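Numbering (this note's numbering), first residue to last: -7 to 68.
Structure, rendered in structure tokens:
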């Protein structure tokens, strides 16, 4: 029985080591993907903030133009 058990144990240990190596590689890949996604998310947030700022500026310009038009109309 011991003659059968030892090779089985060696095989199981080898399989566990292989699986552990695969999981470590998978973790490294996922950490790299996470890092890229964090960078992309930060960039998208900055773009959104810039877009909001441009929208506010455009709204202010349009409001100013509308006020000027209304002033001219009132004078006429």
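Think of the CB as a built atom: it goes at the ideal place given N, C-alpha and C, for glycine as much as any other residue. Please read these numbers as outputs of a predicted model, since none were measured by experiment.
DSSP on residue -7, reduced to helix/strand/coil? Taking the first residue of the chain shown as position 1, residue -7 is located at position 1. It is coil, neither helix nor strand.
In three-state terms, what does DSSP make of residue 51? Sequence index remark: in the chain shown, residue 51 carries index 59 (1-based). Note: residue 51 maps to helix in three-state DSSP.
Do you know offhand how far residue 1's Cα is from residue 11's? In the chain shown, the residue the question calls residue 1 occupies position 9. In the chain shown, the residue the question calls residue 11 occupies position 19. One C-alpha to the other measures close to 15 angstroms.
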